[in-house]
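One structure below.
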Amino acid sequence: MRTNIVIDDALVEEAFAVSNIRTKRELVDRALREFVARQKRRNLMDLYGSDGLDPEYDYKAARSGNS
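What follows is the structure, encoded as C-alpha coordinates:
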(Lines of atoms letter the chains of each structure in order from A and count residues from 1; the text may use other names and numbers.)
(Lines give C-alpha, C1' and ligand atoms only; values in the text may rest on other atoms or scores of the structure.)
Protein backbone atom coordinates (compact mmCIF):
# COMPACT_ATOMS: atom_id res chain seq x y z
CA MET A 1 0.00 0.00 0.00
CA ARG A 2 1.45 3.33 -0.99
CA THR A 3 1.09 6.09 1.59
CA ASN A 4 2.52 9.57 1.83
CA ILE A 5 3.34 10.66 5.37
CA VAL A 6 5.39 13.38 7.03
CA ILE A 7 8.07 11.94 9.31
CA ASP A 8 10.36 13.81 11.68
CA ASP A 9 13.66 14.03 9.75
CA ALA A 10 15.78 14.12 12.92
CA LEU A 11 14.10 10.95 14.18
CA VAL A 12 14.66 9.21 10.83
CA GLU A 13 18.35 10.16 10.87
CA GLU A 14 18.68 8.91 14.45
CA ALA A 15 17.03 5.61 13.48
CA PHE A 16 19.45 5.23 10.57
CA ALA A 17 22.38 5.96 12.92
CA VAL A 18 21.42 3.24 15.42
CA SER A 19 20.59 0.58 12.85
CA ASN A 20 22.09 -0.96 9.74
CA ILE A 21 19.01 0.00 7.72
CA ARG A 22 19.65 2.00 4.57
CA THR A 23 16.22 2.86 3.14
CA LYS A 24 13.25 4.73 4.59
CA ARG A 25 10.92 2.02 3.35
CA GLU A 26 12.83 -0.67 5.25
CA LEU A 27 13.04 1.61 8.31
CA VAL A 28 9.28 2.15 8.43
CA ASP A 29 8.61 -1.53 7.78
CA ARG A 30 10.91 -2.57 10.64
CA ALA A 31 9.39 0.01 12.98
CA LEU A 32 5.87 -1.20 12.26
CA ARG A 33 6.82 -4.86 12.72
CA GLU A 34 8.53 -4.10 16.04
CA PHE A 35 5.55 -2.02 17.16
CA VAL A 36 3.14 -4.87 16.42
CA ALA A 37 5.38 -7.41 18.18
CA ARG A 38 5.64 -5.16 21.25
CA GLN A 39 1.87 -4.75 21.40
CA LYS A 40 1.39 -8.51 21.18
CA ARG A 41 3.85 -9.04 24.03
CA ARG A 42 2.02 -6.41 26.08
CA ASN A 43 -1.27 -8.24 25.46
CA LEU A 44 0.34 -11.45 26.71
CA MET A 45 1.55 -9.66 29.83
CA ASP A 46 -2.07 -8.67 30.55
CA LEU A 47 -2.71 -12.39 31.05
CA TYR A 48 -0.01 -12.67 33.73
CA GLY A 49 -1.52 -13.86 36.96
CA SER A 50 -4.60 -15.34 35.38
CA ASP A 51 -4.05 -19.05 35.12
CA GLY A 52 -6.30 -19.31 32.05
CA LEU A 53 -6.94 -22.98 32.75
CA ASP A 54 -10.26 -24.70 32.53
CA PRO A 55 -11.28 -25.74 36.07
CA GLU A 56 -12.31 -29.12 34.62
CA TYR A 57 -8.82 -29.71 33.14
CA ASP A 58 -7.21 -32.85 34.60
CA TYR A 59 -3.46 -32.51 34.20
CA LYS A 60 -2.83 -35.97 35.60
CA ALA A 61 -5.05 -37.55 32.97
CA ALA A 62 -3.33 -35.46 30.29
CA ARG A 63 0.08 -36.70 31.40
CA SER A 64 -1.01 -40.31 31.29
CA GLY A 65 -2.63 -39.89 27.89
CA ASN A 66 -6.17 -40.41 29.18
CA SER A 67 -7.45 -36.92 28.46
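Plus 1425 on top of the position in the sequence shown (first one is 1) and you've got our numbering.
Backbone N, C-alpha and C define an ideal beta-carbon position, used for all residues, glycine too.
In this text the structure is predicted, and so the values were computed from the model without any measurement.
Secondary structure at Val1443: coil, using DSSP grouped into helix, strand and coil. The three-state secondary structure of Asn1468, taken from DSSP, is helix. Between Ala1440 and Leu1452, the C-beta spacing is below 7 Å. Across the structure, Arg1447 and Tyr1482 are spaced so that their CA atoms are roughly 51 Å apart.
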